[in-house]
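Chains as they are written, first to last, in my numbering: chain A, 1 to 721; chain B, 1 to 367. So the structure is just underneath, and the comments pick up after that.
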């Protein structure tokens, strides 16, 4: 909002601070001057940002009032004198049919006006504010809004058919508004109407047909008070955000209409014409009781001290200061039961007032100003006192505390997962919370549990993500599209399931890798990342947690047990103690193709809520053996149907305590079937034996070798010659 | 003169011997200059000390044979001295030649090293951890809450009445099919982390000190400084006798911890429905020390936080579940800040969209 310092000064004859000082002092009180532009002899233009609760300060007079409080100076009253009516006529008929929507309506008739260009101070100030001039009558209403904040409207009286009626719009009723658009009204819209038709959407915008034109001779000036919610609903319904609606929906001053009406009328009458009859002023008592005559509230100075705490000034917020601030805001005080008029105080900290310290027992009944509907409670007054006193005059103190810091139950596990992945070279990323409807169906772990958005950011973001995998694939695709070919990413985030009635949120982890391992250089060639690189990460990650039984398995594509987005032959499920923790592997070619991924991509998703049920592994030391370990290698040929898991299980089932390690060292296949028959593979298996208490004897090693070979043969293995 | 040639001996006088041996010593010295490899050292050794064809032997054989008896002793002494010189040179040369051997194995140390990739923690997560750590040291526990919230927790209980203009400032992403439900139960993407304040207070009586990092969403048009997804850190402190000056002191201390002890704070009145009094907090620019730079738009100050004393109306909503939050007996403050903005400022990130792009070239810079 643009404000002229010269206009402010016209309301504050005693103001001595310069424009920059004024801007700083206002800003420190929350009436923020964001920019100051020098207008030479015309003072400064302030670009202001007024918070939404301070509709009273969205005009020059309201800001001048703030300055008057700060400096303890007088605020010049608005001049509302009008020449009296020359004739007495019947009052203009005004009927409020919706008393809950319109609390006050004033109408004033001006006859024989002359519609012309604005001149004088109106034209001058509009020029400085870069506000468009329209005509003296329209400019008058806009000027008054800028001057004291109350929106008004001028109707061409001769276009009216009968008196004013405040009613709801009829279903399907049409109104062409001032912006030239014909609108269909809603029965929830309050309209200013005559006996035949709607003239304006109350508090939002006037109608085209009754607007002021160069031919206008007679004017009806409307100054009213409309219910904030009604104005807000109409404004939103018709997507019409106007200066008027902005102010009415935030709660205008109930007592302002007669003043605003007089100001508008006097400006119009400067170009000719006269007032006819007295001001018609219809007041709904219930609305007045809710606003201008709302009950006084109690305020105790001790409560202000309890909430606000210590000030730099040892005297702190004295009764005198509190009284001066509240009075300056327009409150009327009763101190300990008797009416009390506080003297104004200069609150500028550089000219600190000298006051006697008053015991903080003072209690007040505070009648609230009609223009501050945001003030309703004691705390509102405390805020005003702190605000005007100046926030930066309060001390910086630290509260004492005897509680303990409590960690979230999953905090450490989450940290371990992140730390492990970072240590293994995976980079953390954050993707969109939303995904497309197609992806939601493809990636949802359970069918029919996706959650659509009502107002999605885009079509591609129509659903809450049921999985982190689509986001991971988007990120990998983005990198590949930018020729970043070697990528290892992970994301820890929330996935959503359920329905639009109840949404479940669970923590999940996704990993995605493509390209070569990050070891490439002149010293050694890297190699493409493969399934086992990803599996290695999964194994290392899961090894941080306790598990009695951890295994990986794979299911054929028609089993329905694996996610459809994974390559059925090159993906695995991982299970810990009976619970599926996640899935990972090569992306299914059918998912890769529409994403135009130009190279193989590995992706995995893990249910962290399930993983977090496992305890973190606490390492315990195993005694180091003083005796030599013995290696025995076995080279066997197996049919492809034999999995390594079966081999490992078979050896574990031998229950040889001294068998410390079993490692597959080499796996060979021969496409030609020459050295190894087709459909078979050769496995070089290394076993390591060691005892804690003795040097192993050749005989026992012989025996164990026999057992190992027996177990391998039982699986169909043939000793390789 | 060929090396193999036996030098001429001008006689057996002392002077003639001295001259001849000085000549030989020079020859030893000069051939010892070139001993830069083990091969050269071996050549040198064979040349002078070879058992059959060694020069020392050949010369001494030649000269001694024809030497008069009285000259044999001084001649022998001089040969011994010469041999000692050769051996000394030889010893020195083999030492240096071992070093030369290692030098010969030299590599180009200016080539880049083989790096194991370190994963990079996301700059937002990193910033959140750092900020949370500051508050943990001040006695704050971490609180979390759902990203999909009800209208009640996101707005109503935070004193945003239905239809209030303050809701306009937080354009909300809403879950589908909510129209038929009561307003308070309608599901939406939380627009701030503040609902966790209410949820925490409902769960536990005062005193409360929590810090709430989290992801939030608004229906904002994306540009260089706006993203529909962003992160906030919220804080809440409730106890008896918590004051506005405590709020000031707490945030002043926290900002000094995070940005450095020379950072100053200043407070401006602001408006939030759930706090009263409300304030915006600026910190003196930690990048230029308040002198004015690009990061603070040459003002010397950066607006960083919103905060205020918890509005009694908020306690009123909480009291429906936790009567201990009697606004006449307790008080508290709350504060919130945008993590994205802090991270962008701290790391000089030009476009908020990068944070959510997954672009590895960007993310790997933070390893």
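Using N, Cα and C, we set each Cβ at its ideal position, and we do this for glycine too.
Alpha carbon to alpha carbon, how far is residue i from residue j?
i: residue 238 of chain A; j: residue 185 of chain A; result: 9 Å
i: residue 457 of chain A; j: residue 221 of chain B; result: 8 Å
i: residue 288 of chain A; j: residue 203 of chain B; result: 41 Å
i: residue 420 of chain A; j: residue 541 of chain A; result: 6 Å
i: residue 110 of chain A; j: residue 275 of chain A; result: 5 Å
i: residue 263 of chain B; j: residue 345 of chain B; result: 15 Å
i: residue 337 of chain A; j: residue 154 of chain B; result: 41 Å
i: residue 170 of chain A; j: residue 187 of chain A; result: 5 Å
i: residue 263 of chain A; j: residue 79 of chain A; result: 8 Å
i: residue 294 of chain A; j: residue 366 of chain A; result: 11 Å
i: residue 176 of chain B; j: residue 452 of chain A; result: 6 Å
i: residue 159 of chain B; j: residue 301 of chain B; result: 30 Å
i: residue 82 of chain B; j: residue 105 of chain B; result: 34 Å
i: residue 76 of chain B; j: residue 102 of chain B; result: 39 Å
i: residue 332 of chain B; j: residue 243 of chain B; result: 7 Å
i: residue 663 of chain A; j: residue 627 of chain A; result: 20 Å
i: residue 595 of chain A; j: residue 720 of chain A; result: 46 Å
i: residue 31 of chain A; j: residue 428 of chain A; result: 43 Å
i: residue 175 of chain A; j: residue 210 of chain A; result: 11 Å
i: residue 559 of chain A; j: residue 569 of chain A; result: 12 Å
i: residue 485 of chain A; j: residue 320 of chain B; result: 56 Å
i: residue 257 of chain A; j: residue 157 of chain B; result: 35 Å
i: residue 466 of chain A; j: residue 492 of chain A; result: 13 Å
i: residue 504 of chain A; j: residue 150 of chain B; result: 13 Å
i: residue 317 of chain A; j: residue 402 of chain A; result: 29 Å
i: residue 199 of chain A; j: residue 446 of chain A; result: 57 Å
What is the C-beta distance between residue i and residue j, in whole angstroms, given that I count them as a contact (C-beta under 8 Å)?
i: residue 373 of chain A; j: residue 438 of chain A; result: Going by Cβ atoms, the distance from residue 373 of chain A to residue 438 of chain A rounds to 50 Å, so no, they are not a contact pair.
i: residue 729 of chain A; j: residue 137 of chain A; result: Examination of residue 729 of chain A is not possible in this model, given that chain A is present from 1 through 721 alone.
i: residue 554 of chain A; j: residue 572 of chain A; result: 5 Å
i: residue 685 of chain A; j: residue 665 of chain A; result: 7 Å
i: residue 191 of chain A; j: residue 181 of chain A; result: Contact flag wrong, Cβ pair sits at about 16 Å.
i: residue 260 of chain A; j: residue 150 of chain A; result: 4 Å
i: residue 184 of chain B; j: residue 178 of chain B; result: Incorrect: roughly 11 Å between the Cβ atoms, too far for contact.
i: residue 533 of chain A; j: residue 517 of chain A; result: 6 Å
For residue i, which beta-bridge partners are listed by DSSP?
i: residue 153 of chain A; result: A:222
i: residue 333 of chain B; result: B:237 and B:309
i: residue 571 of chain A; result: A:585
i: residue 602 of chain A; result: A:513 and A:586
i: residue 95 of chain A; result: A:165
i: residue 277 of chain A; result: None, per the DSSP bridge assignment.
Open item on the list: Ignoring anything shorter than 3 residues, give me the beta strand (DSSP E) runs that lie fully in the stretch 485 to 520 of chain A, in order along the chain.
Closed with: As far as the stretch 485 to 520 of chain A is concerned, its whole beta strand (DSSP E) runs of at least 3 residues are 487 to 498 and 503 to 514.
- [ ] Evaluate contact between the stretch 222 to 239 of chain B and the stretch 183 to 195 of chain B, counting only Cβ atoms and requiring at least three cross-stretch pairs below 8 Å.
- [x] Touching, yes.
Open item on the list: Using 8 Å as the cut-off, can you tell me whether the stretch 617 to 636 of chain A makes contact with the stretch 584 to 599 of chain A, which would need three or more C-beta pairs spanning the two stretches below that distance?
Closed with: Between the stretch 617 to 636 of chain A and the stretch 584 to 599 of chain A, the count of C-beta pairs closer than 8 Å stays below three; the two stretches do not touch.
Task: Given 8 Å, three or more beta-carbon pairs between the stretch 138 to 146 of chain B and the stretch 112 to 120 of chain B - done: Segments in contact, no.
- [ ] Only counting runs of 4 or more residues, tell me where the alpha helix (DSSP H) segments fall wholly within the stretch 230 to 274 of chain A, in order along the chain.
- [x] Those alpha helix (DSSP H) runs which fall completely within the stretch 230 to 274 of chain A and span 4+ residues are 243 to 248 and 257 to 269.
Open item on the list: Between the stretch 246 to 256 of chain B and the stretch 391 to 404 of chain A, can you find at least three pairs of beta-carbon atoms closer than 8 Å?
Closed with: With a cut-off of 8 Å, the stretch 246 to 256 of chain B and the stretch 391 to 404 of chain A count as touching, because enough Cβ pairs lie within range.
Task: 4 or more residues per run - each alpha helix (DSSP H) lying fully within the stretch 178 to 263 of chain B - done: You should have 195 to 203 and 244 to 259.
Task: Any 3 or more C-beta pairs closer than 8 Å across the stretch 470 to 482 of chain A and the stretch 237 to 244 of chain B - done: Remark: fewer than three beta-carbon pairs, one from each stretch, lie closer than 8 Å, so the stretch 470 to 482 of chain A and the stretch 237 to 244 of chain B are not flagged as touching.
Open item on the list: Across the stretch 399 to 415 of chain A and the stretch 317 to 324 of chain A, are there enough close Cβ pairs to call them in contact, namely three or more that are closer than 8 Å?
Closed with: No contact exists between the stretch 399 to 415 of chain A and the stretch 317 to 324 of chain A.
Task: Ordered list of alpha helix (DSSP H) runs contained in the stretch 434 to 467 of chain A, each at least 4 residues - done: 437 to 443, all fully within the stretch 434 to 467 of chain A.
Open item on the list: Assess contact between the stretch 361 to 377 of chain A and the stretch 208 to 222 of chain B, defined as three or more Cβ pairs (one per stretch) separated by less than 8 Å. Is contact present?
Closed with: Contact fails: fewer than three Cβ-Cβ distances are below 8 Å.
TODO: Report yes or no: do the stretch 557 to 574 of chain A and the stretch 433 to 453 of chain A share at least 3 C-beta pairs separated by less than 8 Å?
DONE: They touch, by the three-pair rule.
Task: Runs of beta strand (DSSP E) lying entirely within the stretch 641 to 697 of chain A, each at least 3 residues, in chain order - done: Those beta strand (DSSP E) runs which fall completely within the stretch 641 to 697 of chain A and span 3+ residues are 659 to 668 and 680 to 689.
Open item on the list: Within 8 Å, do at least three Cβ pairs link the stretch 51 to 64 of chain A to the stretch 234 to 252 of chain A?
Closed with: Touching, per the Cβ criterion.
Task: Segments of 3+ residues assigned as beta strand (DSSP E) that fall wholly inside the stretch 127 to 174 of chain B - done: Counting only runs of 3 or more, we get 148 to 150.
Open item on the list: Would the stretch 96 to 112 of chain B count as touching the stretch 411 to 420 of chain A if we require 3 or more Cβ pairs under 8 Å?
Closed with: Verdict: no, contact absent.
Open item on the list: With a threshold of 8 Å, are at least 3 pairs of Cβ atoms found where one atom belongs to the stretch 696 to 708 of chain A and the other to the stretch 32 to 48 of chain B?
Closed with: In the pairwise beta carbon analysis, the stretch 696 to 708 of chain A is classified as not touching the stretch 32 to 48 of chain B: fewer than three pairs are separated by under 8 Å.
Task: alpha helix (DSSP H) segments (min. 4 residues) lying fully within the stretch 374 to 437 of chain A - done: The qualifying runs are 378 to 389 and 411 to 423.
Open item on the list: Measuring CB atoms only, is the stretch 200 to 218 of chain A touching the stretch 123 to 142 of chain A, in the sense that at least three cross pairs come out at less than 8 Å?
Closed with: Cβ pair count under 8 Å is three or more, so yes.
Task: Touching by the beta-carbon criterion (3+ pairs, under 8 Å), the stretch 301 to 315 of chain A and the stretch 335 to 355 of chain B - done: In short, these stretches do not touch, since the Cβ pair count stays below three.
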